[in-house]
Structure formats: structure tokens, C-alpha cells
Amino acid sequence: MERKLELETVIGFSGKPRGALVCTRFNEMNYLVHSIGSTLVLKNMDDPSDQTFLQGHSDRIACMALHPVDSRILASGQVTHMGFLAPILVWDLEARAIVCTLQLHKVSVAALAFSPSGEFLASIGGEDDNNLVVWHVDVENARGIAICGAPAAHDIALAVVWAKASDDTLITAGRENLRVWNFDVGERKVRPIDCQLGQTRRCFTCLVVSDDDKHVYAATETGDVLEVSISERLLRRIGPKQRIARQITAAALDFNGNLVLGSGDALTVITPDEFKVVATIGADQISGQVTSITAAPSGELLIGTTVSNVYAVQYARHPSGKGAVLDTVTLKSTCHNDKINDVAFPRGYSELFATCSAADIRIWHLASASELLRIQVPNLECNVIAFNPKGSAIISGWSDGKVRAFGPQSGKLLYVINDAHKLVGVGNPSGGTVPANGVTALCVTNAGSRLITGGADGQVRVWKLDTGAQVMIASMKEHKGPVNDLRMGSTDVECLSASADGSVIKWSLESFTRIAAVFGATFFTAVCYHPDESQFISCGTDHKITFWDSTDMAAVRILEGSQTAALNGLDISADGSFYVSASADRSVKLWHYDEGVCWYTGEGHSSAVTKVKISPDEQRLVSIGNDASICIWKLPERATLFE
């Protein structure tokens, strides 16, 4: 019987969906709710190690809304494939369970909002649906019923909000439309009235209702805010005079009733009575486009951005004695904001590990899950990384065909190998496109004197690493597809390469020729030596893990690694007693090597797992995925691992 791997920590935050960061409080504890792909993360703000992962969505979460009365209840909507219904899930955060599922919208859900009493939920479909639906949510009986609906507007609708004191008024906005709706629960109808804006034409992105319920503030793509009377449906003012650069992507009222606006790379505070800018935090303090603004119980604002950063904004007393202004900005958490391609540990050192993604390499502290160093190369993608044996360099392969080495403490560029591999690969044998270009695999000899690289061009090259010079010794051309993985033998005289052309080749690093090869009806994605090198294992898109004899290259055993998806990564323990696999079915599995049985399964990723590594002390597993998340798993004690 398979057991569950203990998920210790997850590093990740999907910052691109608007409003994807929510603070709540129940049972006298403060929680932060955010999404990672299709997974909701419920994090205790007082104890970061207390995290719960709520899985129920089948695709990326697009919007969230918190119940205004019962802070345990939260609704989340997702996107899905064309032609399918996108569900809305209502969650009980205390029970960590789904209350009910609501389905009417096609393809995607654009926005959600609870009524002031929490009895009703308004939802807007994406541009392929564009309908407004009002639901009755019965939490006690765990059911939700659609009461009424109507086309939200003639053009795309992007936002919805209820009046703060009444369940019979709600407002929607979008591209050149701003409407106030009267909701009649008795007749089960919603009736729209367009707001009179005169000659003003805007694309509205966010809506905020004033505390007195008299006005709605509609933020726009052009960086201004319209104040509209809710009762009269008339435009009152446009401001501020000091136009905000780039479109406004998030808006909220702070503790003082001021309007806080998040734009391309800045945070702006406006006084509603005068429509004047009283505070601004610029791009020098905030990285990325602001997409979420939420008030924390501690009295600070939490800001989420598109580059997956979360900031805490502290308030200070205004010099005039009236109200407060933004004071300090602190980076609370950070992570990759694009799919993660590789993960590596220094040899024999478990406190640190490195990951690479589009345009950056990051070094993390394993125990605290905090970022220690970030290395960025703009407009390029890092495909693969490895530490040299001494741990004095991070060697990386990039999409421009270059190999770059960096200092692991300073991040300083140590050297560059230009034109290590061709920019455009030969493609897959099936005629498909190359998923990664340039340098796609690399490994360093145990002596640290040579570097072996593989590319999308199918070539395997050997480089001599001298102080001040890196010279190519040999170029071995056998593969007809991209090289996906390279593994070095313990004696530095041979290595293995796995390719998308359906072959694994054993190379001699003395004569630089092929020793032997195996072929399969699969795109090989990973290969791994057993520590005694009598066997090696491989995996690929055929869902199989294959054991090969290193001498005659015969298949010894074939296991079903996954029933539904391709396998992307392998790693083996130092004594060869167990190995781990990463799969596109979102799982990480730990296998007994001799028995060929999966003993543990870890489910924490919301999309395909790309790589997995065992820490050198064999206390942790680190897995990475296409959802830009890093999962740290706790391994059971060796004495009880297979009991």
C-alpha cells in the first residue's frame, strides 16, 4: 500500500490572477490564502510551516472572493478548455473541504463577489461567456443554486462588486461598460442600468464601493479613476490630476478610507474627498505589476505582483495628524513566476539548493525556504544548472547556446562558453517543435576538470575547464534529437546521455566514441546510474521506468511509472536502495530499487513535475514544476523507510 510523502514546505505564488491574495481570520488565527496554479494554499501567517493545500480545481485559478460575514468561506473560479464549463468552488477553509460546486460559465470565470449578507454570490464569465450570474449559496446545506443571470454587457465585463449595505444592488464594469444592477430575489431577475458617463470612454479594470455606499470608484486601463454616483448612475469626477502611469490593475480601500491603487509597477494612495495623490511607492521598491491588494489583520497591506512577489506595506502617521500614509515596504516572500526547469544541490551539502527558470537562477536555504541569491540574465531562459564538485561555481546552460558559470556566493559571472550548442535544434523525430533550445543538459566530471554538455542540436560535447580558458576537446554526434539528460560515471571515463530521439547512449570519455546504446519507442527524458554502475534506469514519455544492464545494455525490468502521463525526472539514493521519479501527472514517487515497488507518493504540485532531487543527507526531497512551485518533502527515517 502506497503511503503519503509528508509535504514540509511549498515555495510558490501565482501572482498573475487579479485578487489572488486574500487575508482572513478564524479560530483566533490569521491566514493568508493564495493560489499556485490550480491549488489553493491556506497559510498560517503566525506559523509559516502550517500550510494546507486545497485541491479541487482542474486548471488554473483565475479569481477568488471571501465571504464578508463568515471568514471561513471562500469562493474560487478557474479557467478551463474551450467548450467546457468552468466551475466555481465554494470552500470551507476551517474544514479544508469543498462546500459546493457551481457550474454555468463557459471556458473561464472572470470575477466573483459575495453580497453583504453573504447569502448571494455574483459571478462573471470570461470573454467567451460574458454572462452575469447570481447564485444562492447555502453553506449549511452545502448547496448552491443559480437564481438568475443575464448578459453582463455588449462588450467584455471584467469586474463585479456589491453595494456594501444592500443585497439588491451590484455593479459590473468592463470594456466601455459600467452598469448598476437591481437584483430582485423574489422575481429572480437582475435589471441593468447603464451609468451616464457622457463622452467618456474607458476600459474599466477594478471597482471599489465607498464606505457610505454613495459612490463607486472605477479604475481604468488609462491610469485614471472615475467616481460615479450609485443611486443616480451619474459621473461625478475623474481624477487624479496627476495621472497614474500604466493601467490600474488592483484597487482597494485602506484602513483610513483612502483609495489604494496598484498599477504597472507602483502603488498610489488617493484621498476620496479631494482626489489627490498623497503617497506613492515606485518601481524601485516594488517589482512587477500589482495584481492584489489585501488588508492584513496586523494593520498592514499585503501586495501581490505578477512576478510572484508578496510585499507588506506598513503605515505611519501623517505629518498633518490626519490619517496615515505608506511608510515602509518589506518583501515578505518571493519565488519563480514561470516554469522551473532544473534543480541542483551542491555535492555533499544539504543546506542549500539552486533552481533555474526563465531568465534567472536562484539559490535557496532549505530549512527556511528563503531566497539567498538571485542571478538574472534578461530575455533568455536557463535550461539546466549544476554545481562543480568543489561548490565554487554554478554552471548553467542557456537558450542562446551559451554556458555561463557564476559564483554561488556573489553571483558574479566567472566565465562564458560561447556557441556551446546551436541556437536552433534539429527538432523531435516526430516533427514536433523543440521544447528547449540551446544547451539542454550538462554534467561535470568528479574531478571537476571537464564539463560535458548536451544541446537541442543533438550533440554531446566535452570541454576542458582551465583557469581562464574553456576549450572544447571533442564533439560527439549520434543523437538525432535534443539531449534531455546527462549522467557522469564514477570513474570519469564514461557518461550516459538520454535524448528525445528515443535513445540512451553510453559514451567513452577517453576515445570520445559511442560504447553502446539502447533504443526505445519513447522520448527519453532522464537517465540515472545505480551507484555500483552495474545498472542504470531511464524514463520517458511512455510512462515506463526501465532498468538496463550496463554491460550488455539489455532491459532487465520495466515498471509502470505512471498510468496517465510522461515521466520527467529521476534521482537515486547514495546506496542505491531507493530512487524517486517526477511525473507529468503532478506526483512525486519514491520506489524501492530491488523490489520495484512504489512505497510513497507525494501530491502537492498543481501541474507537471519537471525534476526531483534527493538532498545529500537524504532527509529531504525537492521537486519543481511547471506551476513555478518548489515542493520540499520530508523523507521518513531510513530505519522506518520501508517498514
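Residue 1 is where the sequence shown starts when you use full-length UniProt numbering, and the numbers rise one by one after that.
Cβ atoms here follow ideal geometry from the backbone N, Cα and C, with glycine treated the same way.
Item	Value
If we ignore side chains and look at the alpha-carbon of each, how far apart do valine 99 and tryptophan 91 end up?	5 Å
Residue range of the beta strand (DSSP E) that residue 681 falls in?	As displayed, the chain neither begins before 1 nor continues past 643, which places residue 681 out of reach and without an answer.
Would you call the CB atoms of threonine 52 and arginine 96 closer than 8 Å?	yes
Restricting to Cα atoms, I'd like to know which of Asn418, Pro240, Val228 and Thr222 is closest to threonine 249.	Thr222
Are leucine 465 and leucine 486 close, meaning C-beta to C-beta below 8 Å?	no
What is the C-beta distance between alanine 420 and arginine 461, in whole angstroms, given that I count them as a contact (C-beta under 8 Å)?	7 Å
Can you find at least 3 beta carbon pairs, one from the region 558-572 and one from the region 503-519, that sit closer than 8 Å?	no
As a quick exercise: from Asn177, Arg175 and Val160, pick the residue whose alpha carbon is nearest that of threonine 169.	Val160
Hey, which unbroken runs of the beta strand (DSSP E) at 3 residues or more fall wholly within the region 366-437?	370-387, 394-398, 403-406 and 413-417
Cα separation between glycine 239 and leucine 40?	36 Å
Less than 8 Å between the beta carbons of alanine 344 and alanine 386, yes or no?	yes
Kindly indicate the opening and closing residues of the beta strand (DSSP E) around aspartate 92.	85-92
When the Cα atoms are used, what is the spatial distance from serine 607 to alanine 367?	24 Å
In the DSSP assignment, find the unbroken beta strand (DSSP E) run with residue 671 in it and report its ends.	Outside the displayed range of the chain (1 to 643) lies residue 671, so it cannot be described from this structure.
Using C-beta distances below 7 Å, list every residue in its chain close to valine 307, excluding the 5 sequence neighbours before and after it, in chain order.	Gly15, Ser287, Gly288 and Asn337
What's the call for aspartate 360, buried or exposed, on a 16-neighbour Cβ count within 10 Å?	buried
Taking isoleucine 395 as the reference, give the member of Leu442, Asn437 and Pro531 with the closest Cα.	Leu442
For methionine 29, which beta-bridge partners are listed by DSSP?	Phe26
Quick check on the DSSP output: what are the complete beta strand (DSSP E) runs of length 3 or more inside the region 138-201, in order along the chain?	143-151, 157-162, 169-174, 177-184 and 189-194
Starting from the Cα of methionine 472, find the closest Cα among Gln55, Ile417 and Gly625 and give me that residue.	Ile417
For the 8 Å Cβ check, are there 3 or more pairs between the region 78-86 and the region 133-151?	no
Span of the beta strand (DSSP E) holding histidine 479?	No beta strand (DSSP E) holds histidine 479; DSSP gives it neither H nor E.
Applying the 10 Å Cβ sphere with the 16-neighbour rule, what's the burial state of glutamate 494?	buried
So, is leucine 331 buried or exposed, given that buried needs 16 or more other C-beta atoms within 10 angstroms?	exposed
Specify, as a first and last residue, the run of the beta strand (DSSP E) that residue 646 falls within.	The question about residue 646 has no answer here: the residues shown for the chain are numbered 1 through 643.
Please determine, among Ile147, Ile156, Ala165 and Val313, the residue with the shortest C-alpha to C-alpha distance to serine 117.	Ala165
Apply the 10 Å Cβ neighbour rule to serine 115 and answer buried if 16 or more other Cβ atoms are within range, or exposed otherwise.	buried
I'd like the list of long-range same chain contacts for glycine 264, defined as Cβ closer than 6 Å, with 5 residues on each side in sequence excluded.	Arg246 and Gln289
Unbroken alpha helix (DSSP H) runs of length 4 or more, entirely within the UniProt repeat "WD" (602-643): which are they?	none
According to DSSP, is phenylalanine 120 helix, strand or coil?	strand
So, with DSSP's three-state summary, where would you put glycine 448?	coil
Can you tell which of Asp70, Ile36, Asp327 and Glu8 has its C-alpha closest to the C-alpha of aspartate 47?	Glu8
Nearest-angstrom Cα distance between glycine 348 and proline 389?	9 Å
With a cut-off of 8 Å on the beta carbons, I'd call threonine 291 and arginine 18 a contact; round off their distance for me.	5 Å
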